[in-house]
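Everything on this sheet refers to the single structure shown next.
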Amino acid sequence: MAKYLLLKHYRGAPAAVNDVPMDQWTPEELSAHLRYMREFAARLESTGEFVDSQALSPEGTFVRSDGEGRPPVTDGPFAETKDLIAGWMVIDVDSYERALELAAELSAAPGAGGKPIHEWLEVRPIMTEHLPATD
Amino acid sequence: MNEALLRELVPAVIGALVRRGASFVAAEDAVQEALVEAVRVWPGDAPRDPKGWLVTVAWRKFLDAARAETSRQEREIRVETEPAPGPSEAVDDTLQLYFLCAHPSLTPASAVALTLRAVGGLTTRQIAQAYLVPEATMAQRISRAKRTVSSVRFDQPGDLATVLRVLYLVFNEGYSGDVDLAAEAIRLTRQLAARTKDEEVAGLLALMLLHHARRAARTGPDGRLVPLAEQDRGLWDTRMIAEGVDVLQAALARDRLGEFQAQAAIAALHADARCAAETDWVQIVEWYDELVRITGSPVARLNRAVAVGEADGARAGLAALAELDPALPRYTAVAAYLHERDGDLATAARLYAEAARSAPSLPEREHLTRQAARLNTRLRG
């Protein structure tokens, strides 16, 4: 088994096939989309492959230390940031091929006009923290 | 009664219920419930016959569940809840459970989870924690696995090779979280070895013991990976090594070589050297030749190239490496190592950095990055 992160981008990924922003959809289309996502996660749980799923707010702040005893320095949000993560799902699957298959299924969530969005999702292997017991 | 002793009873208790006529699926559920009750009740009032107690309580749980199921399905019809008798006592329940839980119809991950629960007696929560997935996900993985094998007959001989692969997977998962999966794999393999004369079961047990014996030396105090050659051999567990060697020699004496015995023989040769310089690399290469002959595995060929580099010099190692597919996992790390031994530090540094980028685990990535940094610092100096 190996864990993969399926990353959904607000910005930074190539354009989706059905590339209409969510705020232009009808409420029914939105409901259908959210139902698809919920059912997808529930199905992965039932197959024993679900680990985690989170959505991120688009607005973020950059922060860094300004030295001991001083308050953190913040900056942003930067409108020009090229890459913006919208959310992720973590899956635990038997093979890389299975990870691609599930990502493709997730990418086909319905969007405007009830048609699949066919958006680009990024699949990233998650590194394990432990060593194998053999060296 | 500690938890480990309690868990050892699990396969026999499941077997007892199956022999009384419960299905494997229902028996396994009932035994898990009985375990929960044992953990609650026993500290104050431990039974004289723990196994008998577990069988009685688990059977009661099974009947309760069967009645509930019956009344749910057919409220009006009275159905006898006492099932027909199951397979006779002639079969070894524990051995049969190993076969069932590693049935070839299961995916490796499902077989691992089911083995840990039904043979190892671990709870779903413990297994979920060990594999870093939510408990609900692991519960579903186990219940699907149980459904998959629900039609498999309990008293049929199974495939020992798939059982060994599952145990090896558990061992290799190592030791993250509360449950020590490597130690659990050794316990389960030892229990299996007590029930079969198979040489490869002994080979796998020896392999596990010989690797596990080095565990304390494999990571530094800061958690960093310590390569075999740099390990403090005083930290190796000599008693475990001696046991591993004994088990291996007894298996090899029966002259039915297999891949686990060959791997264990290589581990034993490493364990035998008082310092890295005393390692008998020539013999290790010969064992890798055996391993390659048995398995044809590219990973074995890659490891063989390292051993050739030690036995016949870095150039010979690089020549052996040149015959392999560069896409193999850890190929670049091996190439980096051999180039450094050959004195080409610039190439080695570049390859170490490249290998770090594709390392499958964090400790390996850190180790490889450290190697690149070490060489780059030397090259600058």
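Chains as they are written, first to last, in my numbering: chain A, 14 to 148; chain B, 799 to 1179. Virtual Cβ for every residue (Gly too), placed ideally from N, Cα, C. None of these values were measured; they are calculated from a predicted model.
Query: Identity of the residues DSSP links to A:R24 by a beta bridge; Result: A:L97
Query: Span separating the alpha-carbon of B:E1028 from that of B:C1073; Result: 9 Å
Query: Cβ pair B:V964, B:A900 closer than 7 Å; Result: yes
Query: Where B:T905 meets chain A, residues with beta-carbon distance less than 7 Å; Result: D107
Query: Cβ contact (3+ pairs, closer than 8 Å) linking the stretch 1111-1125 of chain B and the stretch 1062-1079 of chain B; Result: no
Query: Proximal residues of chain A, C-beta to C-beta of B:L1050 below 8 Å; Result: The premise fails here: B:L1050 is roughly 19 Å from chain A at the closest Cβ pair, so nothing lies under 8 Å.
Query: Proximity test, Cβ basis, 7 Å: A:F63 and chain B; Result: yes
Query: A:F123 in three-state terms, based on DSSP; Result: Reading the sequence as shown, one finds Pro at residue 123 of chain A and not Phe. A:P123 falls in the strand class under three-state DSSP.
Query: Which of helix, strand or coil DSSP assigns to B:V977; Result: coil
Query: Backbone CA spacing between B:A1117 and B:A1063 [nearest angstrom]; Result: 25 Å
Query: Pick from B:I1092, B:Y1086, B:R1091, B:R805 that is closest to B:N1101, judged by C-alpha positions; Result: B:Y1086
Query: Residues of the stretch 1049-1080 of chain B whose Cβ lies closer than 7 Å to any Cβ of chain A, in chain order; Result: none
Query: Among B:L861, B:Y1150, B:L815, B:K995, the one whose alpha carbon lies nearest that of B:D891; Result: B:L815
Query: Residue range of the alpha helix (DSSP H) that includes B:R1102; Result: 1096-1110
Query: Partner residues on chain C for A:S66, Cβ-Cβ distance less than 9 Å; Result: Looking at the structure shown, chain C is missing, and the protein chains on hand are A and B.
Query: Simplified DSSP assignment, three categories, for A:V86; Result: strand
Query: B:A1154 vs B:A1134 beta-carbon contact at 7 Å; Result: no
Query: Below-7 Å beta-carbon distance, A:T147 vs any chain B residue; Result: yes
Query: Rounded C-alpha distance that separates B:H1009 from A:S120; Result: 43 Å
Query: Backbone CA spacing between A:P84 and A:S78 [nearest angstrom]; Result: 7 Å
Query: Close Cβ partners of B:A1170 (< 6 Å) along its chain, the five nearest in sequence each way excluded; Result: A1147, Y1150, A1151
Query: Contact set between the stretch 1007-1035 of chain B and chain A, restricted to residues whose Cβ is under 8 Å from the partner; Result: H1009, H1010, R1012, R1013, R1016, T1017, L1023, P1025, L1026
Query: The stretch 837-846 of chain B / the stretch 928-938 of chain B touching (three or more Cβ pairs under 8 Å); Result: no
Query: Residues within the stretch 802-828 of chain B neighbouring chain A, beta-carbon criterion of under 9 Å; Result: none
Query: C-beta atoms of A:L134 and A:A122 nearer than 7 Å; Result: no
Query: Within 7 Å, strictly: CB atoms of B:A1105 and B:V1083; Result: yes
Query: Span of the alpha helix (DSSP H), counted from its first residue to its last, around B:F860; Result: 848-871
Query: Proximal residues of chain A, C-beta to C-beta of B:S1159 below 9 Å; Result: M140, T141, E142, H143, L144, P145
Query: A:M14 at chain B interface by Cβ criterion, 7 Å; Result: yes
Query: Under 7 Å between C-beta atoms of B:E1088 and B:A1051; Result: no
Query: For B:I925: DSSP bridge partner residues; Result: Paired residue(s): none; B:I925 is not in a bridge.
Query: Residue from A:D96, A:E110, A:V33 whose Cα sits closest to the Cα of A:E72; Result: A:D96
Query: Distance, B:A1120 Cα to B:P1096 Cα; Result: 13 Å
Query: Beta-carbon separation (whole angstroms), B:V961 vs B:L990, contact threshold 8 Å; Result: 7 Å
Query: Buried versus exposed, by CB contacts within 10 Å (16 or more), B:V877; Result: Reliability fails at B:V877, whose pLDDT of 46 lies under 50, so the model's placement of it is uncertain and the value that follows must be treated cautiously. Exposed, by the Cβ-count rule.
Query: Within-7 Å CB hit, A:V33 to chain B; Result: no
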